[in-house]
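If you want our numbering, it's the position in the sequence shown, counting the first as 1, plus 1106. Notes to accompany the following structure.
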Amino acid sequence: MRTLIDFAIRAEYARIKALGDELCEMGSQIDWERFRFLEPLMYKNKSSRGGRPNIDFVIMIKLLVLQHWFGLSDPELERQVADRISFRIFLGTTEVVPDFSTVWLFRERLIKSGKLEDLWMELQRQIDEKGYIVKEGSIQDATFITSDPGRKKKKDREAECKKKNKALKAIESNQIPEFDKGLLDISNNIINSQEKSLRSEKVPRNEGSWAKKGVKSFFGYKGHILIDTGDHLIRAVETTTASVHDSQVDLGIEEIPRYADKGYDGAGTRGYDAAMKKATRGHALGISDILRNRRISKKRSQIERCFAVMKRAHKAGHVQVTTVARAGMKFMMSAFVYNLVQLRHLAQKRLT
């Protein structure tokens, strides 16, 4: 039932839409109702028999899209939705929206139910139905997704030890009565035992790993994507730890050329191998391989734009999560958002 507030919000939104609303244009690129088939697969409770009903499934999916489009935390997402009219219109509701804890629980349910891949495949089906089918070729590459290691660096630990030792020496250098010296020894033993117990406590370990590229070291995860050479839409996505080599992940499509850099040389693929050749010790590349690499390099460089958009516009280059599954969920939703933006661009291109 529409209330007076509902009419007021929509009247105010008409002014915003007249100025141009990207959210409205992006939201119209796909049929959101087609994602509802996942709802009974994720929720075991039967709300039709009574009890508290589930939050509208499409609204929850759209909340995740908003979150990863603007790179918002869960609390910030709740605040922005409550504050911005365009967000409410995109969600399709002007009523009270779920709080940030509900968003977190939904995201966890999506991961643990194993239906995240089904969500991605439904998006791919709608892309194919629009006529954006991979025909000429595909490009695969990977990028680092940094994360906090969760442990202090060796330099920081050494600095703390030096600071403590300096303080102890300053105390011991003063003239302390025999009775106070005994108390000082007892306090030192207590501090040492507390430090040992803290080190022995089991703390959640970040599943990310270290990797080195050139002279730089990275900790976290690695996002792998496959795009088509024609429309630059992301067709496949996978997330691993940072130490996994690029060539260990094959996202190629059968009977479709897969262009890639030298890191994929010699690695198998489901499609036709079109990776750049890499010289080995004592075996320099011939002129034909050098010219071939130049042609492939010019074609495969298109994928760098995808990573630039995902990292700079949608803040997908760093995550605060500690598991591969959660990092994979965030990277896949960033790819989901990128495809929506690219679909909007392609639709505008068709009109011109």
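For each residue, glycine too, the CB sits at the ideal point set by N, CA and C.
query: Taking 8 Å as the cut-off, does the segment 1213-1223 touch the segment 1182-1193 (at least 3 CB pairs, one atom from each stretch)?; result: no
query: Rounded to the nearest angstrom, what separates residue 1198 and residue 1148 at their Cα positions?; result: 22 Å
query: Whole angstroms is fine: what's the gap from residue 1181's alpha carbon to residue 1404's?; result: 42 Å
query: For residue 1282, name the three-state secondary structure that DSSP assigns.; result: Any reading at residue 1282 is ruled out, since the residue's pLDDT is 48, under 50, leaving its predicted position unreliable.
query: Between the C-alpha atoms of residue 1361 and residue 1235, what's the straight-line distance to the nearest angstrom?; result: 20 Å
query: Could you round the C-beta distance between residue 1425 and residue 1253 to whole angstroms and report it? I think they count as a contact, below 8 Å.; result: 5 Å
query: Specify whether the segment 1326-1338 and the segment 1234-1248 touch according to this definition: at least 3 beta carbon pairs, one from each stretch, less than 8 Å apart.; result: yes
query: Is residue 1323 helix, strand or coil by DSSP?; result: strand
query: What's the C-alpha gap between residue 1351 and residue 1207?; result: 36 Å
query: Taking the alpha-carbon of residue 1141 as reference, which of 1130, 1223, 1185 and 1365 has the nearest alpha-carbon?; result: 1223
query: Near residue 1127, which residues of its chain fall below 7 Å by C-beta distance, leaving aside the five closest residues on each side in sequence?; result: 1192
query: Are the beta-carbon atoms of residue 1135 and residue 1457 separated by less than 8 Å?; result: no
query: My output table needs one value for residue 1333: the three-state DSSP class, helix, strand or coil.; result: strand
query: Helix, strand or coil: how does DSSP classify residue 1208 here?; result: helix
query: Taking the straight line between their C-alpha atoms, what separation do you get for residue 1163 and residue 1184?; result: 17 Å
query: Between residue 1314 and the ligand GTP, is the CB less than 7 Å from at least one heavy atom?; result: This structure simply doesn't include the ligand GTP, nor any ligand for that matter.
query: How many angstroms separate the CA atom of residue 1211 from the CA atom of residue 1201?; result: 20 Å
query: Would you kindly work out how many angstroms separate the C-alpha atoms of residue 1379 and residue 1419, rounded to a whole number?; result: 32 Å
query: Consult DSSP for residue 1221 and reduce its assignment to one of helix, strand or coil.; result: coil
query: Taking C-beta to C-beta, are residue 1328 and residue 1346 nearer than 8 Å?; result: yes
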